[in-house]
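> In our numbering, the protein residues as written are 1 to 408.
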Amino acid sequence: MNAKTLENLDIYDPDNYVDAVPLADFKTLRDEAPVYWHSHPDGGGYWVISRHQDVMKVSRDNKTFSAERGFVLVDDLPPEILEQVKGQLLGMDPPNHGPLRRSVITRFTSKMLAELEPKVRDITRTILLAALEKPECNFVYDVAGELPTSVIGSMMGVPQDMWHQLREWSDMQTSASDPDIGGTPEEVQAASIEMGTYGYMLAAERKDKGGDDLISLLVNVEVDGHQVSEMEFASLFVQITVAGNETTRALISGGMYELIQRPELYRELEAKHLENPELMKSAIEEMLRWTCPLHYFRRTATCDTEIGGQQIKENDKVVMLYSSANFDDTVFENPEVFDIHRSHNPHMAFGHGIHLCLGANLARMETRIFFEEFFKLFSGIELSGKAVRIRSNMANGFKEMPVKLYPR
1 MNAKTLENLD IYDPDNYVDA VPLADFKTLR DEAPVYWHSH PDGGGYWVIS
51 RHQDVMKVSR DNKTFSAERG FVLVDDLPPE ILEQVKGQLL GMDPPNHGPL
101 RRSVITRFTS KMLAELEPKV RDITRTILLA ALEKPECNFV YDVAGELPTS
151 VIGSMMGVPQ DMWHQLREWS DMQTSASDPD IGGTPEEVQA ASIEMGTYGY
201 MLAAERKDKG GDDLISLLVN VEVDGHQVSE MEFASLFVQI TVAGNETTRA
251 LISGGMYELI QRPELYRELE AKHLENPELM KSAIEEMLRW TCPLHYFRRT
301 ATCDTEIGGQ QIKENDKVVM LYSSANFDDT VFENPEVFDI HRSHNPHMAF
351 GHGIHLCLGA NLARMETRIF FEEFFKLFSG IELSGKAVRI RSNMANGFKE
401 MPVKLYPR
């Protein structure tokens, strides 16, 4: 996509994300207007923050830039929906945020992940063995998407016959603007309510019953004097499930897509990842920088302030454009090059600060295991048709990626 001038640049329109991420437009913003007032089709507008250092500044300053005041989407939510999402961690400010986050983060420790690894490997192998029977498929949903849904469903002890429903609810909310995935505002609202209600039901069933699944551990254990209530868990359930699905699916499918475009890198990673585990680690970080599952999150100014010399008024919307920050050439050397050897890679694919993605290391582990097991079972992969991106200014990923898989 060719860069536009500031006068006709539009990074809100979801149609502008269908062919490719508008990286040239993001560069225009960073170079010419790093704190840019962008109009909104419903009236008014918002500030787009496109440079890495400014996105980090906003991410760190939760006192001045609130997630709670208006939530994290650039579109204003109806009052009844805004009330529902207040229980989600990603839309909380301190002091509400801290105790609840610590309750969750204690379940995502490195020790827990190490204990979980054999199970994730078994799940991955089962999915890939099924893919052997279907060598021509949509890689996004038939292969990559199966892993995070299965892992998060298994961790929470959700009945397996509900896993597909979890993914449908999740997709409806993150890709509402895509005609093949989303729906009307009423349908999206209904999906959110149904999902939260299901989470509440699961929490109520497992309260004071013991159990070692993630839901039981969250609702039955007190951390720092705080015990997660059924209502709090209903919102947590939506956030954990949506994030668990979207992030890893986009990472695996987007990462594989970039490797397919560069066969020499695919073969290098395939050949050397076992003898050089650091190569797999740096490759995954580069996949994250490049694919960045969410383009942005919004904050709202709690007082008059300034960013990069630009005056910001109280209640102004401020959008942190992660996809732009990840290609800032003042931070990343040759950012337009997909480099699996990149050593300095402070990307913001998982956000930053107190809202850093809870499942970041789980997503990394799932992706590492996926590629390790994929290389064992398959000798190659190639596109068998056009990969189609999600029509969204928020969710960054593919919805169709027809491939042919070559078993070993």
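Quick reminder that beta carbons are idealized off the backbone N, C-alpha and C, glycines included. All values reported here derive from a predicted model rather than from experimental measurement.
Quick one: using the 10 Å Cβ neighbour count with 16 as the cut-off for buried, is Lys86 buried or exposed?
Lys86 comes out exposed.
> If Ser177 and Trp163 are in contact, beta carbons under 8 angstroms, what's the gap, nearest whole angstrom?
Their Cβ separation, rounded to whole angstroms, is 25 angstroms, which puts Ser177 and Trp163 out of contact at 8 angstroms.
> Identify whether Leu356 lies in helix, strand or coil by the three-state DSSP scheme.
Note: Leu356 maps to coil in three-state DSSP.
> Can you tell me where the alpha helix (DSSP H) holding Leu288 begins and where it ends?
Per DSSP, Leu288 belongs to the alpha helix (DSSP H) from Pro277 to Thr291.
> May I ask you to list the residues that DSSP assigns as paired with Phe398?
According to DSSP, Phe398 bridges with Arg389.
> Measure the C-alpha to C-alpha separation of Phe398 and Glu258 and round it to an integer number of angstroms.
So the two alpha carbons sit approximately 12 angstroms from each other.
> Are the CB atoms of Leu65 and Ala349 nearer to each other than 8 angstroms?
In the sequence as displayed, the identity of residue 65 is Phe instead of Leu. Contact: no.
> Counting only runs of 3+ residues fully inside the region 185 to 221, write out the beta strand (DSSP E) ranges in chain order.
Within the region 185 to 221, no complete beta strand (DSSP E) run reaches 3 residues.
> Look at the alpha carbon of Thr291 and the alpha carbon of Leu321, and state the distance between them as a whole number of angstroms.
For Thr291 and Leu321, the distance between alpha carbons rounds to 13 angstroms.
> At which residue ranges does the region 48 to 124 contain complete alpha helix (DSSP H) runs of 4 or more residues, listed in the order of the chain?
Segments of the alpha helix (DSSP H) lying fully in the region 48 to 124: 52 to 60, 79 to 85 and 97 to 105.
> Do you know offhand how far Leu129's Cα is from Pro135's?
One C-alpha to the other measures close to 10 angstroms.
> With DSSP run on the structure shown, which of helix, strand or coil describes Leu321?
Looking at Leu321 - three-state DSSP - the assignment turns out to be strand.
> Comparing C-alpha positions only, which one of Pro159, Tyr17, Gly157 and Gly182 sits nearest to Glu168?
Considering only alpha carbons, the answer is Gly182.
> Whose C-alpha, out of Asn393, Arg389 and Asn396, is nearest the C-alpha of Asn138?
Selected option, being the one with the closest Cα: Arg389.
> According to the neighbour-count rule (16 or more other Cβ atoms, all chains shown, within 10 Å of its Cβ), is Ser216 buried or exposed?
Buried is the call here.
> Which residues bound the beta strand (DSSP E) around His164?
That residue, His164, is in no beta strand (DSSP E); its alpha helix (DSSP H) goes Trp163 to Thr174.
> In the DSSP assignment, find the unbroken alpha helix (DSSP H) run with Tyr296 in it and report its ends.
Where Tyr296 is concerned, there is no enclosing alpha helix (DSSP H), although the beta strand (DSSP E) it sits in stretches over Tyr296 to Ala301.
> State the Cα-Cα distance for the pair Lys119 and Asp25, rounded to the nearest angstrom.
Distance between the alpha carbons of Lys119 and Asp25: 42 angstroms.
> Quick one: Cα of Glu80 to Cα of Leu89, how far?
So the alpha carbons of these two residues sit roughly 18 angstroms apart.
> Quick one: what's got a C-beta closer than 8 angstroms to Met1's C-beta in the same chain, skipping five residues either side?
With a pLDDT of 45 at Met1, under the threshold of 50, the modelled position of this residue cannot be trusted, and the question is left open.
> Can you check DSSP and say which residues form a bridge with Tyr406?
Paired residues: Gly380.
> How would you label Tyr406, buried or exposed, when you count the other beta carbons within 10 angstroms and need 16 or more for buried?
Exposed, since its Cβ has fewer than 16 Cβ neighbours within 10 Å.
> Under 8 angstroms by Cβ, that's how I've got Asn396 and Ala234 pegged, so tell me the actual separation to the nearest angstrom.
In fact, because the Cβ distance is near 27 angstroms, the residues do not count as touching under 8 angstroms.
> Touching or not, the region 203 to 216 and the region 152 to 163, by the rule of three or more beta carbon pairs under 8 angstroms?
Yes, the region 203 to 216 is in contact with the region 152 to 163.
> Can you tell me which of Glu333, Ile307, Arg342 and Glu382 puts its alpha carbon nearest to the alpha carbon of Gln53?
The residue with the shortest Cα to Cα distance from Gln53 is Ile307.
> Between Met365 and Glu117, what straight-line distance do the alpha-carbon atoms span, to the nearest angstrom?
Distance between the alpha carbons of Met365 and Glu117 is about 8 angstroms.
> Would you identify the three-state DSSP class for Asn326, choosing helix, strand or coil?
Coil at Asn326, not helix or strand.
> Go through its chain and collect everything with a Cβ distance to Val140's Cβ below 8 angstroms, but skip five positions before and after it.
Correct list, in chain order: Arg249, Ser253, Gly397, Phe398, Lys399, Glu400 and Met401.
> Do Gly70 and Lys317 count as a contact pair if the criterion is CB distance below 8 angstroms?
Yes. Within cutoff.
> Cα separation between Leu377 and Glu246?
Rounded to whole angstroms, Leu377 to Glu246 spans 25 angstroms at the Cα level.
> Restricting to Cα atoms, I'd like to know which of Asp61, Ser59, Leu9 and Glu68 is closest to Ser39.
Checking every option, the nearest Cα to that of Ser39 belongs to Leu9.
> What is the DSSP secondary structure of Glu136, reduced to helix, strand or coil?
In this structure, Glu136 counts as strand in the three-state DSSP scheme.
> Answer yes or no: do Arg298 and Val74 have a C-beta to C-beta separation smaller than 8 angstroms?
Contact flag set, yes.
> Tell whether a beta-carbon distance below 8 angstroms holds between Ile312 and Asn62.
No; because the gap between Cβ atoms is not below 8 angstroms, this pair is not in contact.
> In whole angstroms, what separates the C-alpha of Ala387 from that of Glu187?
Between Ala387 and Glu187, the C-alpha separation is close to 27 angstroms.
> Kindly identify the DSSP beta-bridge partner or partners of Val331.
Paired residue(s): none; Val331 is not in a bridge.
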